[in-house]
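Data block below; observations after.
There are 2 protein chains.
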Amino acid sequence: MKDSEQTPFTLHSQSSECAARRGEVKTRQGVIQTPVFMPVGTQGTVKAVTPENLAEAGAQIILGNTYHLFIRPGHKRVERFGGLHQFMNWKGSILTDSGGFQIFSLKELAKITEEGAAFRSHLDGAKLFLSPEDAVQVQQSLGSDIMMCLDTCIPYPASRKETIDATDLTSRWAARCRKAHDKRDRLLFGIVQGGMFPELRRQHAETLQEIGFDGYAIGGLSVGEEKELMRDMTEATTAVLPENYSRYLMGVGTPEDLVEGVWRGVDMFDCVMPTRNARNGSLFTQHGKISIKNARYQDDHSPIDANCSCYTCRKYTRAYLRHLFQAREILSYHLNTIHNLHFYLHLMADIRKAIENDNFASFRKDFYSKLEQE
Amino acid sequence: MKDSEQTPFTLHSQSSECAARRGEVKTRQGVIQTPVFMPVGTQGTVKAVTPENLAEAGAQIILGNTYHLFIRPGHKRVERFGGLHQFMNWKGSILTDSGGFQIFSLKELAKITEEGAAFRSHLDGAKLFLSPEDAVQVQQSLGSDIMMCLDTCIPYPASRKETIDATDLTSRWAARCRKAHDKRDRLLFGIVQGGMFPELRRQHAETLQEIGFDGYAIGGLSVGEEKELMRDMTEATTAVLPENYSRYLMGVGTPEDLVEGVWRGVDMFDCVMPTRNARNGSLFTQHGKISIKNARYQDDHSPIDANCSCYTCRKYTRAYLRHLFQAREILSYHLNTIHNLHFYLHLMADIRKAIENDNFASFRKDFYSKLEQE
Numbered sequence: 070m071k072d073s074e075q076t077p078f079t080l081h082s083q084s085s086e087c088a089a090r091r092g093e094v095k096t097r098q099g100v101i102q103t104p105v106f107m108p109v110g111t112q113g114t115v116k117a118v119t120p121e122n123l124a125e126a127g128a129q130i131i132l133g134n135t136y137h138l139f140i141r142p143g144h145k146r147v148e149r150f151g152g153l154h155q156f157m158n159w160k161g162s163i164l165t166d167s168g169g170f171q172i173f174s175l176k177e178l179a180k181i182t183e184e185g186a187a188f189r190s191h192l193d194g195a196k197l198f199l200s201p202e203d204a205v206q207v208q209q210s211l212g213s214d215i216m217m218c219l220d221t222c223i224p225y226p227a228s229r230k231e232t233i234d235a236t237d238l239t240s241r242w243a244a245r246c247r248k249a250h251d252k253r254d255r256l257l258f259g260i261v262q263g264g265m266f267p268e269l270r271r272q273h274a275e276t277l278q279e280i281g282f283d284g285y286a287i288g289g290l291s292v293g294e295e296k297e298l299m300r301d302m303t304e305a306t307t308a309v310l311p312e313n314y315s316r317y318l319m320g321v322g323t324p325e326d327l328v329e330g331v332w333r334g335v336d337m338f339d340c341v342m343p344t345r346n347a348r349n350g351s352l353f354t355q356h357g358k359i360s361i362k363n364a365r366y367q368d369d370h371s372p373i374d375a376n377c378s379c380y381t382c383r384k385y386t387r388a389y390l391r392h393l394f395q396a397r398e399i400l401s402y403h404l405n406t407i408h409n410l411h412f413y414l415h416l417m418a419d420i421r422k423a424i425e426n427d428n429f430a431s432f433r434k435d436f437y438s439k440l441e442q443e
Numbered sequence: 070m071k072d073s074e075q076t077p078f079t080l081h082s083q084s085s086e087c088a089a090r091r092g093e094v095k096t097r098q099g100v101i102q103t104p105v106f107m108p109v110g111t112q113g114t115v116k117a118v119t120p121e122n123l124a125e126a127g128a129q130i131i132l133g134n135t136y137h138l139f140i141r142p143g144h145k146r147v148e149r150f151g152g153l154h155q156f157m158n159w160k161g162s163i164l165t166d167s168g169g170f171q172i173f174s175l176k177e178l179a180k181i182t183e184e185g186a187a188f189r190s191h192l193d194g195a196k197l198f199l200s201p202e203d204a205v206q207v208q209q210s211l212g213s214d215i216m217m218c219l220d221t222c223i224p225y226p227a228s229r230k231e232t233i234d235a236t237d238l239t240s241r242w243a244a245r246c247r248k249a250h251d252k253r254d255r256l257l258f259g260i261v262q263g264g265m266f267p268e269l270r271r272q273h274a275e276t277l278q279e280i281g282f283d284g285y286a287i288g289g290l291s292v293g294e295e296k297e298l299m300r301d302m303t304e305a306t307t308a309v310l311p312e313n314y315s316r317y318l319m320g321v322g323t324p325e326d327l328v329e330g331v332w333r334g335v336d337m338f339d340c341v342m343p344t345r346n347a348r349n350g351s352l353f354t355q356h357g358k359i360s361i362k363n364a365r366y367q368d369d370h371s372p373i374d375a376n377c378s379c380y381t382c383r384k385y386t387r388a389y390l391r392h393l394f395q396a397r398e399i400l401s402y403h404l405n406t407i408h409n410l411h412f413y414l415h416l417m418a419d420i421r422k423a424i425e426n427d428n429f430a431s432f433r434k435d436f437y438s439k440l441e442q443e
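So the protein lines, in turn, are chains A and B.
For this note's numbering, add 69 to where a residue sits in the first sequence, where the first one is 1.
For this note's numbering, add 69 to where a residue sits in the second sequence, where the first one is 1.
Right under this line is the structure:
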């Protein structure tokens with residue numbers, strides 16, 4: 070692999086202050102400006118919003134969950150619709166996970182062997198099986214633009230031995246995924262494991278690069294470890310990943326995590342946090358999170374965030390949003406989600422601009438000082 | 070009262086075939102073309118949609134529930150926002166009910182005396198009281214454009230004696246409401262009771278006209294009686310109401326009920342049916358209702374109604390909507406509600422056109438023949 074080779078990732082600029090980079094990922098669906106945040110659309114919808122709401126908030130790519138769609142409505146059904154984009158009416162790009170993480174979350178309902186993952190549906194208990202090859206086939210049926218290899222998840226904490234065994238299995242599965250990947254207009258990303266051992270992370274990153282993928286993800290973080298450890302592991306991994314491929318930190322995280330991930334050279338993020346928090350009434354502002362159910366907002370005629378330009382902040386007060394949340398009105402989840410996604414996606418847009426202007430260090434300082442002003 | 074006097078209602082045209090009429094109601098917020106359907110916005114939101122969705126569907130006026138808003142967030146709080154229009158960001162007109170129907174629905178939690186209705190909050194059991202004067206004050210605080218008198222509800226079936234007693238109390242309350250009505254830029258409607266006794270309906274309509282209101286509602290129907298009886302009572306009431314005031318059939322009903330109500334001279338309707346059915350997966354089409362959860366739709370690539378131009382029908386298939394409903398996704402309620410409201414509001418627009426063209430009888434025949442084509 071030479072740095073000059075043609076890859077789906079183009080590096081536009083590199084911060085002079087840290088590992089942050091400004092680039093783009095080309096999928097068959099379009100071009101994604103990075104660093105990017107991907108809203109999570111588990112079951113063929115980003116919960117509580119329309120595709121138009123997503124586009125208005127600036128979403129370029131969303132994530133679909135293979136496990137959920139495999140179980141319902143079924144990947145073959147989605148394929149007959151021409152894929153997930155058509156099914157859900159989303160014009161942007163779609164990244165699908167492999168289903169591995171959800172299967173592992175089933176715990177006693179799942180059994181991992183060399184061959185793959187045997188598990189039971191959380192809906193009806195049906196016995197199901199997903200091999201690395203199946204994971205690629207299912208994602209191809211879903212019409213995913215960026216597919217993920219089936220990987221094994223490593224609990225935290227885990228011994229060095231457990232970590233090596235699981236990481237080795239992930240490598241063998243990755244090679245099988247790579248071989249099964251026959252629709253080459255879609256991208257396939259490998260997932261770097263290695264637990265909390267920097268040198269295992271480094272070795273695994275090298276192993277995956279030998280197999281050769283269209284991008285590299287950092288898996289197995291944000292699983293209960295300290296923030297500092299997560300950030301060190303991120304840094305240890307991006308440091309050994311090739312410059313001319315995109316790096317995706319899976320399932321992360323808070324606004325602070327995004328800033329710190331970008332600082333350490335990450336290009337792509339996904340997390341349920343903005344959408345899930347919205348449905349729990351936890352709303353992001355430049356000065357930190359607010360819990361809209363708090364009685365202090367019942368006569369507050371100001372918007373969630375005075376600096377926000379989203380539909381919700383342009384049209385509604387905190388008092389009204391508190392009322393909707395207390396009354397369990399569906400509109401509450403809709404309006405809160407529009408705001409939180411706007412917050413995340415505009416944070417990423419601001420980060421991209423800061424890297425372009427090579428002042429990300431000052432941006433980061435401002436970001437933290439505003440957080441402290443609450 | 071002379072037919073030539075200035076009233077908030079203007080009659081544009083009268084069908085030559087039946088009692089249907091095309092007109093308009095002027096409120097301080099704007100002009101409402103009638104016959105009109107009013108979506109129900111119980112708690113300061115029409116459930117699962119935004120004000121923009123309502124406007125796009127053609128809503129001119131919505132209904133707010135005084136009982137609910139009185140309890141939460143409180144009418145004084147809404148008043149501090151400049152009224153319900155500001156609070157919920159709705160630019161059209163608002164009619165509020167008096168709270169009477171909801172209080173009666175509380176059954177053993179409510180006690181009716183000459184003075185008013187004592188009841189307990191369904192939320193926290195707090196002891197509350199609403200007199201006819203309070204009902205007007207609360208609605209004035211809410212900033213309602215069309216307010217309703219506090220009335221007593223008559224169970225079905227009810228004896229002649231029970232009906233007379235309840236209707237007489239409603240008359241005394243109506244006179245007190247009229248007297249309490251001091252913000253005269255808002256309209257106040259009287260509610261004709263009289264149960265299932267045509268001559269009591271006639272007498273009550275006359276009594277209310279003597280008091281003098283800005284419009285007249287037909288209350289106490291759709292309470293369990295046969296459709297035929299409801300239609301006869303509607304006809305018996307509209308027949309004795311003045312031509313130059315609008316008539317509002319409360320809490321009704323199905324698409325067929327709207328057509329039959331208009332046929333009998335009704336100008337205004339409200340009902341939770343389109344919104345509530347939407348959340349239960351029951352969707353209206355020109356050929357009748359469909360239950361979107363039915364397995365027959367799981368591979369159906371057509372829209373809910375091929376003739377519908379709503380956002381949901383333009384963008385999504387029955388199969389996708391079935392998937393969302395099965396997965397209990399919030400987007401399901403949003404998209405279904407957009408469709409059902411569009412169906413109701415466009416039915417009314419088509420009815421208005423048919424009356425303008427004086428071919429409502431033929432419209433009504435077509436309407437039923439399409440229903441039978443399912």
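For every residue, glycine included, the Cβ atom is placed at its ideal position computed from N, Cα and C.
No experiment lies behind these values; they were computed from the predicted model shown.
Identity of the residues DSSP links to residue 246 (chain A) by a beta bridge:
DSSP, once it has assigned bridges, lists no residue as partnering residue 246 (chain A).
Does any residue of chain B bring its CB to less than 8 angstroms from the CB of residue 367 (chain A)?
yes
Residue 402 (chain B) CB to nearest chain A CB: under 8 angstroms?
yes
Any beta carbon from chain A within less than 8 angstroms of residue 150 (chain B)'s own beta carbon?
yes
Using a Cβ cut-off of 7 angstroms, pull out every chain B residue sitting near residue 156 (chain A), in sequence order please.
389
Taking CB distances under 8 angstroms as the criterion, tell me whether residue 178 (chain B) reaches chain A.
no
Would the stretch 298-305 of chain B and the stretch 327-334 of chain B be scored as touching if the rule is three or more Cβ pairs under 8 angstroms?
yes
When the distance is taken between beta carbons, is residue 96 (chain A) closer than 8 angstroms to residue 207 (chain A)?
no
Minimum Cβ-Cβ distance from residue 392 (chain A) to chain B less than 8 angstroms
yes
State the Cα-Cα distance for the pair residue 221 (chain A) and residue 266 (chain A), rounded to the nearest angstrom.
16 angstroms
Roughly how many whole angstroms lie between the Cα atoms of residue 259 (chain B) and residue 408 (chain A)?
43 angstroms
Using only CA atoms, which one of B:379, B:411 and B:385 lies nearest to residue 371 (chain B)?
B:385
May I ask you to list, following chain order, the residues of the stretch 89-118 of chain B that have a beta carbon less than 8 angstroms from some beta carbon of chain D?
This model lacks chain D altogether, as its protein chains are A and B.
Could you pull the DSSP bridge partners for residue 93 (chain B) from this structure?
B:79 and B:102
Report the three-state DSSP secondary structure of residue 331 (chain B) (helix, strand or coil).
helix
For residue 388 (chain A), which option in A:378, A:364 and A:279 has the closest C-alpha, if you only look at C-alpha atoms?
A:364
Ignoring anything shorter than 4 residues or poking outside the stretch 299-381 of chain B, list the alpha helix (DSSP H) runs there in chain order.
324-332 and 342-348
Any contact of the stretch 87-103 of chain A with the stretch 334-343 of chain A, i.e. 3+ C-beta pairs under 8 angstroms?
yes
Threshold first: 4 residues or longer. Then list the alpha helix (DSSP H) segments lying entirely within the stretch 156-209 of chain A, N to C.
169-174
For a test of the three-state rule: what should DSSP assign to residue 282 (chain B), helix, strand or coil?
coil
Top-ranked residue by Cα proximity to residue 391 (chain B), from A:341, A:119 and A:141
A:141
Just how far apart, CA to CA, sit residue 70 (chain B) and residue 278 (chain B)?
Because the pLDDT of residue 70 (chain B) is 45, which lies under 50, any placement of that residue in the model is unreliable, and the number read from its coordinates should be weighed accordingly. Cα-Cα distance, rounded: 8 angstroms.
Is the shortest distance between the beta-carbon of residue 323 (chain B) and the beta-carbons of chain A less than 8 angstroms?
no
The stretch 75-91 of chain B in contact with the stretch 110-128 of chain A per 3-pair CB rule at 8 angstroms
no
Could you give the distance in angstroms between the alpha-carbon of residue 291 (chain B) and the alpha-carbon of residue 223 (chain B)?
11 angstroms
For a test of the three-state rule: what should DSSP assign to residue 130 (chain A), helix, strand or coil?
strand
Beta-carbon within less than 6 angstroms of residue 413 (chain B)'s beta-carbon, same chain only, minus the 5 sequence neighbours each way: which residues are those?
106 and 343
Run the CB neighbour count on residue 250 (chain A), radius 10 Å, all protein chains shown included, and call it buried at 16 or more, exposed below.
buried
Closest by C-alpha distance to residue 308 (chain A), when choosing among A:215, A:88, A:183 and A:81
A:88
State the CB to CB distance for the pair residue 139 (chain B) and residue 168 (chain B), rounded to an integer number of angstroms; the pair is presumed to be in contact (CB under 8 angstroms).
6 angstroms
8 angstroms Cβ cutoff, residue 408 (chain B) in contact with chain A:
no
Exposed or buried, which one is residue 285 (chain B) when buried takes at least 16 other CB atoms within 10 Å?
buried
Mind listing the chain A neighbours of residue 355 (chain B)? Cutoff is C-beta to C-beta under 8 angstroms, in chain order.
The premise fails here: residue 355 (chain B) is roughly 23 angstroms from chain A at the closest Cβ pair, so nothing lies under 8 angstroms.
Name the chain B residues whose beta carbon is nearer than 9 angstroms to that of residue 395 (chain A)?
141 and 142
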